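A quick write-up on the structure given underneath.
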C-alpha cells in the first residue's frame, strides 16, 4: 500500500510521550520540531494512530515541503499537489496557517493563496463546475518556517482530545490528551492503586481507566479522513476498529479512585465515566483533600490541583499546598505526580521534586512535579510487565529509568534501611520518613521522660496538683514541652531549626508523641499536640482546631475548664500556679481587678479567697464566657460581686473615676496583640508603662498590683512607676516543675 509522510502534533513537552505511543503501535518517529513528530505509514497507520494516540492533538499527512519565499512559488507549488485524491467535491476546505521567520508574514494572505491554489486544482481535475463546500471538512494546514512551506492535510478533524465522552463543560477542566500524558508519565499500572484527590469532572481517572483497559480513545468517534475520496482507506478503518475491539480488556484489576470536595463536579465525573464505558472501573467520592488516605500499597497519586488562577484565592491555594506534605506522608509507599502552574510548589511543600517536566495546560505553562516513592517488590514488577500492552508506553521501563536517574542524583542522601523498630521503610517515602538520628532521639526522649515522671510522681500529689509540666525542652534536639492534665497529655512543639522536610518533621513528631504516650502510659486519644511559634500577634490565643475537647481539671482545690484541642494554650497557664495562690492569700475582703483576664483563673482564685468584689476585663466575648463557666464550676455567679467587662483594658482603666478604687490588680497582658477590635496594637514593651501608671491611680493606698509578662527581652519602665514600691518576684513564682526559670517574669508593685 502507498506510504505517506505522517505528522503527529502535540502540545509542547509531550513529544516523548507521543513518540513512545507511536513506538508501541509499531511506528518509528522522530521530532521534526517542537510539537511535531514525523513518521511513515499507510492508510492503516492513519486509522490506527487516530484511534489509539492518547496524548497527540492531530494526525496530518504531509503533502509537500518546499521553498516559498514569495506568493508565486507558494501558489504554483500548491496547485501541483494531487488534492483530488483526497478531497471530495463537496468537502469544506478550511485552511489554517502560521508563519515564523519567513518573508511571507501575512498569515491571512498565505491562507487565501493556498486555498485558491487547491480550488483551482480541484476544479481542473474533478468533474464539477463549482465546489459547494457543504460536506465534511478536509482541513489543510500551511506552515511557513524559515521560508519553507509545509502543506499538511488534517486526517483527524476535531482534535484527538475530543474522545466523545465529555459533553458537559465545567470550570478549569483538564484536556483529555494532557490527562492521558500525565498517567503515562507516572509509574501507574493497572495492578497498582491510583487516586486523584482533585478529580474535578474526572478526566485523569477516566483516561487512566481507558488506558488500563486498553480502550482505544477514538473508538467512539469519527475522523475527517473517513470521508475522503481515497477509497482504499475504508478497509483500513474497518480493520483498525476491529483490532481496537479485540484488544479491549473487560475490566481493571482494581477500581481507580477520584475524590473532590465539589458534589456538582462529581456528578459530571460519574456521567462522563458512564459515557466513556468505564463506570464500573472507577469510583468517585466526595472528600476534602485533608481526608485522603489508603491502606493499599505502591499506588500513585496523579492530580491537577487548583493553581489560584481560575479557581480559589491565592491565600487558600497556598494553605492547600502547604498541607500537602502532611496529607501525602500517610501514603508511605506511593508516588505522587502533581501538575501545577505554581512555580513555588516546591517551596510550599518544603522539598524538591525528584523530577520536573515542563508542560502546558491550555496556554498556561505548568510543571509536572514528580515525587517518587519506594520501589515495589520485584514480583509486583514482574507481574506488571505481563500486563503492559503494546498500545501504551512501558510503565515498568519508565519507572526503572526514572528511579536510576534519581538514585544516582541522591547519592548519599538515600535513607538507611537498617533502622530499629520499623521506624523507616526499606526505601525512602516520597513524603516523610525518618532520618537515622530519629531512633536515637526517641530513645533519649523516652528515657528522660521516664526519669522525670518518677521524680514528679509524689510531688504533685502532696500538693493537690493534678496539672503540671513533666518535660520542658530538656534535650535540645527534642524541643517539646509535655504537660500532664490529669489523664491527658498536652504537648507543645517549639520552633527550632532542623534539616527535616515538613513531611519528615511530621513523622518525627509523630514518633516523639508516640514515645511520650507509651512512656507516660497515656491513651492515644488523650494526647494533644500543638505547634508553638514565636509569638506573633495574638497567636497564642488563636483557634487552631474546632474539636471542643473540654475537660474539667483541678488545682488548689478549685475546678477549671480547659480546652485541650482547639487553642495553642489550654486556658490554664500552669506557670502562674504560685502567683494565683498569692492573690488568693491577699484577697479576703478585697476588691480585685483582673485585666487581660483570659479565662479568669486569677478571678476564681480571688473569689475563693473571699474577695468582696472582682472585675474581669477582656476584649474577647469567648473568654468572658469561659470566665463565667470557671466561676460557676466553683460555686460563684456573675453579678454585682463578680463582674465581667468586655473592653480594652487600657480604655477601661482610663474610664474609671477616682472613687472606683481596688485593693489588688492583676495585669498579665500578651506580648503583642493586633486584634481587629483594638484601635491601636498592643506591644507590652512600649505600652506597659502608661498602663501600669494608670492602674496605680485606681489602687488604694497600700494596694498591690501583680504584673507579669512572657516577653524575653522585657525591661520594666521603672520611671513610670515613680513613688511605688517595686519588687521582682519572678524566682518565687516559678513552680518547681518548670525547669525553664524564664518562663515568665513577675513583679509585685505596691502603691
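In this note's numbering, the protein residues as written are 1482 to 2232.
A virtual CB, placed ideally from N, CA and C, is assigned to each residue, including glycine.
None of these values were measured; they are calculated from a predicted model.
### Query
residue 1846 bridges to which residues according to DSSP?
1841
### Query
Excluding five sequence neighbours on each side, which residues of the same chain lie with their C-beta closer than 8 Å to the C-beta of residue 1514?
Excluding sequence neighbours, residue 1514 sits near 1626.
### Query
Would residue 1496 be called buried (16 or more neighbouring beta carbons within 10 Å of its own) or exposed?
buried
#### Entry: Pairwise C-alpha distance: residue 1801 and residue 1700
38 Å
#### Entry: Which listed residue (1782, 1947 and 1741) has its alpha carbon closest to that of residue 1667
1782
### Task
Could you check what DSSP says for residue 2149 in three-state terms: helix, strand or coil?
coil
#### Entry: Contact belief for residue 2226 with residue 2189 at Cβ below 8 Å, rounded distance in angstroms
7 Å
### Task
Note down the Cα distance separating residue 1607 from residue 1527, rounded to an integer number of angstroms.
Each residue's alpha carbon lies about 24 Å from the other.
### Query
Do three or more CB pairs link the region 2033-2049 to the region 1961-1972 at distances below 8 Å?
yes
### Query
Roughly how many whole angstroms lie between the Cα atoms of residue 1722 and residue 1696?
Their backbone Cα atoms lie some 11 Å apart in a straight line.
### Any 3 or more C-beta pairs closer than 8 Å across the region 2074-2081 and the region 2205-2213
no
### Task
With a 10 Å radius around its C-beta and 16 neighbouring C-beta atoms as the bar for buried, classify residue 1746 as buried or exposed.
buried
### Task
Please go through the same chain and pick out, in chain order, the residues whose beta-carbon is closer than 7 Å to the beta-carbon of residue 1988, but skip the five residues on each side of it.
1810, 1913, 1914 and 1915
### C-beta contact flag for residue 1441 and residue 1788 at 8 Å
There is simply no residue 1441 to check, as the chain begins at 1482 and stops at 2232 in what is shown.
### Task
Would you decide whether residue 1845 is buried or exposed? Buried here means 16 or more other CB atoms lie within 10 Å of its CB.
exposed
### Query
DSSP puts residue 2123 in a beta bridge; with which residues?
2095
### Message
My output table needs one value for residue 1551: the three-state DSSP class, helix, strand or coil.
### Response
coil
### Query
Are at least three pairs of beta-carbons, each pair with one atom in the region 1547-1554 and one in the region 1506-1521, less than 8 Å apart?
no
#### Entry: Sequence-distant residues of the same chain with beta carbon closer than 6 Å to residue 1676, five excluded per side
The residues 1738 and 1782, in chain order, have a CB closer than 6 Å to that of residue 1676 in the same chain once the five nearest residues on each side in sequence are set aside.
### residue 1662 versus 1818, 2099 and 1959, residue with shortest Cα-Cα distance
1818
### Query
Quick one: is residue 1932 buried, meaning 16 or more other Cβ sit within 10 Å of its Cβ, or exposed?
exposed
### Task
Keeping to the same chain, check which residues put their C-beta closer than 6 Å to that of residue 2147; ignore five residues upstream and five downstream.
2075, 2083 and 2187
### Task
Quick one: using the 10 Å Cβ neighbour count with 16 as the cut-off for buried, is residue 1940 buried or exposed?
Exposed: under 16 other Cβ atoms inside 10 Å.
### Task
State buried or exposed for residue 1806, treating a residue as buried only when at least 16 other CB atoms are found within 10 Å of its CB.
buried
### Query
Looking only at its own chain, which residues have a Cβ that is under 6 Å from the Cβ of residue 2035, when we skip the five neighbours before and after it?
Around residue 2035: 1947.
### Residue closest to residue 2195, alpha-carbon to alpha-carbon, out of 2177, 2150, 2220 and 2156
Put simply, of 2177, 2150, 2220 and 2156 the residue whose alpha carbon is nearest the alpha carbon of residue 2195 is 2150.
### Neighbour-count burial assignment, residue 1705, 16 or more Cβ in a 10 Å radius
buried
### Message
Checking 8 Å against the spacing of the C-beta atoms, do residue 1618 and residue 1572 come in under that value?
### Response
yes
### Query
In this structure, what does DSSP give as the bridge partners for residue 1521?
The bridge partners DSSP lists for residue 1521 are 1486.
### Task
With DSSP collapsed to three states, give me the class of residue 1966.
DSSP, read as helix, strand or coil, puts residue 1966 in strand.
### Message
Comparing C-alpha positions only, which one of 2178, 2232, 1536 and 2172 sits nearest to residue 1841?
### Response
1536
### Query
Taking C-alpha atoms, which residue in 1813, 2218 and 1600 lies nearest to residue 2054?
For the residues 1813, 2218 and 1600, the minimum Cα distance to residue 2054 belongs to 2218.
### Task
Could you tell me how far apart the beta carbons of residue 1962 and residue 1949 are, in whole angstroms, since I believe they sit closer than 8 Å?
In fact, because the Cβ distance is near 12 Å, the residues do not count as touching under 8 Å.
#### Entry: Assigned exposure category for residue 1649 - 16 Cβ within 10 Å defines buried
exposed
### Query
Quick one, which of 1785, 1780, 1798 and 1504 has its alpha-carbon nearest residue 1816's?
1780
### Query
For the alpha helix (DSSP H) that contains residue 2133, what are its first and last residues?
2130-2136 is the span of the alpha helix (DSSP H), which, as asked, contains residue 2133.
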